[in-house]
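Here the structure comes first, spelled out in structure tokens, and everything after it is commentary.
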Amino acid sequence: MPFSFFSLPKFLTLAAIFILAPLLHAQEKPYFVTYSTDLEEPGNLEIAFNGIAAAPKGANTFSSHTLELEYGATAWWTAELYAQAQSTANDSTVSTGFRFENRFKPLPREYWFTPALYIEYEQVSDADKSLLEITGNDGIDKLRAANAESRKTIAHTMEGKLLLSSNMRGWNLSENFIAEKNMNNDPWEFGYAVAASRPLALAGGVSRCTLCRQNFAVGAEIYGGLGTRHAFGFHDTSHYLGPTVNFRIPNGPTVSFSPQFGLSDNSVGTLWRFKVAYEVQQIRDLLNANLTHAKEVR
Amino acid sequence: MKNHLPILLLMSGLAVLPLAGYAQTGNSDSSKFDGKWLRRVPDEDHARHSPFAGQPAAAAAGKLIFAENCAKCHGAEANGRTTPPARPSLRSERIRHATDGDISWLLRNGNPYKGMPPWSSLPEQQRWQVIAFLRTLPPAK
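The following block contains the structure:
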């Protein structure tokens, strides 16, 4: 009997897991730009929708949408794929590209400042408005261009981040240092992101409940650009600061929200960010079971 | 060639993902659960006592936290798994003889190269509650 991975029963099984999985859940920090050093648990797949909406001064209102697929390859390595698009009022809706990143935890234990390394390849057009990070002199001017023009320029970029996290008395403090190199011979660009958060309750309750305080986390996030190799610093850069909150629905998704406020003339006044993340647990075991079954059939 | 580079990078990255997952199953020998992590626990952590020791309410809360975070790998009854990929039982003699401080250290730091992720993102009280629940489990048969 030939091996057919996508036979109907298996397809239905996979579909049922995605749609009905009783263990769907996600442990998320309420951060939108900052990465903590928490990696995806090995074998788990997180599916997230990350959205942003804003009405920049002198530009059309826009919303940007990013689909994120995050997979825990091992306990020390997580890989993630992003697919991005944006819609601009009085203009158009366009796909803006993709990103592929890997995060590694090189040290086998936790420290006061636990480090992790982040390496990303991006292929995104200038029409990208996801603001997943701010580097160099990224600012409001970039958001004013018409999609028809900006989508013509596609940047191939490598990006590295040093991620640091501390967990103390229920608080998480995370710091990111970002270095980005456009492979079209542009100079290195730099950025930063810092965030802190804490659950509203640290201990678990004795019964299941949806609106328990431990299911909510609150915090704040600040991030921005640090110029380029030739002009390092805050001059002509954009920065944002805002409170963040998330709600982890038991056996369901995690919903995050944050209004973020521009801190410089080069920033958008207010960014409205929201995110919904689902975690499909131990999807690897399911795939392995299928492969084992296929071998037995052979 | 320049135009193909991103596609090659993406495809190679995607190809690595299932390989990484499958490589884990190759390491399915339960002998890898050798307890060597216990040697890395500092004396200070080894001697720590659970603030929730012997508290039934903490164990009840820990049971819920365990079901949500730990059961997917270690099983709903914490018996682990012997079929690939193997996962250690938490009712074993090793866990029963480990101090609360030892297990607390393991939950905080994990044992990443043996497949156990750190749970430092879980508040410390909840980690102690999980330990309180583990202490209520009977030994493996």
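These protein sequences, in sequence, are chains F and V.
Just so you know, we're using our numbering here: the first sequence kicks off at 178 and counts up by one.
Just so you know, we're using our numbering here: the second sequence kicks off at -9 and counts up by one.
All C-beta atoms, glycine included, are put in the ideal place defined by N, C-alpha and C.
Own chain, CB closer than 8 Å to residue i, minus 5 neighbours either side, in chain order
| i | result |
| --- | --- |
| Ala466 (chain F) | none |
| Arg321 (chain F) | Pro233, Gly235 and Ala236 |
| Gly404 (chain F) | Gly313, Asn314, Glu366, Phe367, Gly410, Phe411, His412, Asp413 and Thr414 |
| Thr15 (chain V) | Low confidence applies here, because Thr15 (chain V) scores a pLDDT of 44, under 50, leaving its location unreliable; read the following figure in that light. Pro74 and Pro75. |
Cβ-based neighbour list, residue i, same chain, cut-off 6 Å, excluding 5 preceding and 5 following
| i | result |
| --- | --- |
| Leu350 (chain F) | Ser343 and Ala373 |
| Glu114 (chain V) | none |
| Glu352 (chain F) | Leu341 and Val371 |
| His64 (chain V) | Gly70, Arg77 and Leu80 |
| Ile460 (chain F) | Leu222 |
| Val31 (chain V) | Asp92 and Trp95 |
| Arg425 (chain F) | Asn392 and Thr431 |
| Thr250 (chain F) | Contrary to the premise, residue 250 (chain F) reads as Ala rather than Thr in this sequence. The answer, listed in chain order, is Ala256. |
| Ala48 (chain V) | Phe42, Gln119 and Ala122 |
| Pro108 (chain V) | Asn99 and Gly100 |
Unbroken beta strand (DSSP E) run spanning residue i, endpoints
| i | result |
| --- | --- |
| Pro376 (chain F) | Glu366 to Pro376 |
| Trp348 (chain F) | Trp348 to Asn359 |
| Ser94 (chain V) | Premise fails: Ser94 (chain V) lies in the alpha helix (DSSP H), Asp90 to Asn99, not in any beta strand (DSSP E). |
| Lys452 (chain F) | Thr447 to Val457 |
| Glu287 (chain F) | Note, Glu287 (chain F): premise wrong, no beta strand (DSSP E); not H, not E. |
| Leu258 (chain F) | Trp254 to Thr265 |
| Leu246 (chain F) | Phe239 to Thr251 |
| Gln300 (chain F) | Thr291 to Ser302 |
| Arg71 (chain V) | Neither: Arg71 (chain V) is in no beta strand (DSSP E) and is coded neither H nor E. |
| Thr431 (chain F) | Thr431 to Gly439 |
| Asn428 (chain F) | Note, Asn428 (chain F): premise wrong, no beta strand (DSSP E); not H, not E. |
| Ala380 (chain F) | Here Ala380 (chain F) belongs to no beta strand (DSSP E), and DSSP marks it neither H nor E. |
The alpha helix (DSSP H) enclosing residue i, as first and last residue numbers
| i | result |
| --- | --- |
| Gln45 (chain V) | It is not in any alpha helix (DSSP H) - Gln45 (chain V) carries neither H nor E in the DSSP assignment. |
| Val120 (chain V) | Glu114 to Leu124 |
| Leu341 (chain F) | No alpha helix (DSSP H) contains Leu341 (chain F), which is instead part of the beta strand (DSSP E) from Ile331 to Met345. |
| Ala325 (chain F) | Asn324 to Ser327 |
| Arg86 (chain V) | Glu83 to His87 |
| Ala61 (chain V) | Ala61 to His64 |
| Glu136 (chain V) | Here chain V covers residues -9 to 131 and nothing more, so residue 136 (chain V) does not appear. |
Under 8 Å between C-beta atoms of residue i and residue j
| i | j | result |
| --- | --- | --- |
| Ser225 (chain F) | Gln263 (chain F) | A quick correction: the sequence has Ala, not Ser, at residue 225 (chain F). Cβ atoms of Ala225 (chain F) and Gln263 (chain F): not closer than 8 Å. |
| Ala76 (chain V) | Leu28 (chain V) | no |
| Arg71 (chain V) | Pro129 (chain V) | no |
| Glu356 (chain F) | Trp348 (chain F) | The sequence as given places Ala at residue 356 (chain F); Glu does not occur at that position. Not closer than 8 Å, so no. |
| Ser444 (chain F) | His407 (chain F) | no |
| Arg328 (chain F) | Glu297 (chain F) | no |
| Met106 (chain V) | Ala252 (chain F) | yes |
| Ser213 (chain F) | Gly228 (chain F) | no |
| Val301 (chain F) | Thr273 (chain F) | yes |
| Gln261 (chain F) | Thr243 (chain F) | yes |
| Pro207 (chain F) | Gly396 (chain F) | yes |
| Gln160 (chain F) | Lys62 (chain V) | The first residue shown for chain F is 178 and the last is 475, placing residue 160 (chain F) beyond what the model contains. |
Contacts around residue i, its chain only, beta-carbon distance under 7 Å, and the 5 residues preceding and following it disregarded
| i | result |
| --- | --- |
| Val210 (chain F) | Leu309, Glu310, Ala370, Glu398 and Tyr400 |
| Pro199 (chain F) | For Pro199 (chain F), the predicted model reports a pLDDT of 41, less than 50, meaning its position is unreliable; a value from the coordinates is still stated below. So the list reads Asn428, once near-sequence residues are dropped. |
| Ile196 (chain F) | Bear in mind that the predicted position of Ile196 (chain F) carries a pLDDT of just 44, short of 50, making it too unreliable to give a figure here. |
| Glu287 (chain F) | none |
| Lys282 (chain F) | Thr214, Leu216, Trp253 and Ala293 |
Item to check | Members of the segment 26 to 51 of chain V near chain F, C-beta cut-off 7 Å | outcome: Result list: Ala47, Ala50 and Ala51.
Item to check | the segment 110 to 119 of chain V / the segment 31 to 45 of chain V touching (three or more Cβ pairs under 8 Å) | outcome: The segment 110 to 119 of chain V is in contact with the segment 31 to 45 of chain V.
Checklist entry - Using a beta-carbon distance cut-off of less than 7 Å, what residues from the segment 280 to 297 of chain F approach chain V? => result Of all residues in the segment 280 to 297 of chain F, Lys282, Pro285, Arg286 and Glu287 have a Cβ within less than 7 Å of some Cβ in chain V.
Checklist entry - When you check each C-beta in the segment 212 to 228 of chain F against every C-beta of chain V, which residues fall closer than 9 Å? => result Against chain V - using a Cβ distance shorter than 9 Å - the residues of the segment 212 to 228 of chain F are Ser213, Thr214, Asp215, Leu216, Glu217, Glu218, Pro219, Gly220 and Asn221.
Next on the checklist: Taking beta-carbon pairs under 7 Å, can you tell me which members of the segment 87 to 102 of chain V lie near chain F?
Outcome noted: Flagged, chain order: Arg98, Asn99, Gly100 and Pro102.
Next on the checklist: Check whether the segment 251 to 268 of chain F and the segment 232 to 241 of chain F touch, using three or more Cβ-Cβ pairs below 8 Å as the test.
Outcome noted: Enough Cβ pairs lie closer than 8 Å, so yes.
Next on the checklist: Check whether the segment 325 to 334 of chain F and the segment 376 to 390 of chain F are in contact - that is, three or more C-beta pairs closer than 8 Å.
Outcome noted: The segment 325 to 334 of chain F makes no contact with the segment 376 to 390 of chain F: fewer than 3 CB pairs, one atom from each, lie closer than 8 Å.
Checklist entry - Name the residues in the segment 231 to 256 of chain F whose C-beta lies less than 9 Å from a C-beta of chain V; which are they? => result Tyr248, Gly249, Ala250, Thr251, Ala252, Trp253, Trp254 and Ala256: these are the residues of the segment 231 to 256 of chain F whose beta carbon lies less than 9 Å from some beta carbon of chain V, given in chain order.
Item to check | Contacting positions in the segment 102 to 113 of chain V - beta carbon closer than 7 Å to chain F | outcome: Cβ contacts with chain F: Pro102, Tyr103, Gly105, Met106, Pro107, Pro108, Ser110, Ser111 and Pro113.
Checklist entry - Of the residues that make up the segment 54 to 66 of chain V, which ones have a beta carbon closer than 8 Å to any beta carbon in chain F? => result Taking a C-beta cut-off of 8 Å against chain F, the contacting residues of the segment 54 to 66 of chain V are Leu54, Ile55, Glu58, Asn59, Lys62 and Cys63, listed in chain order.
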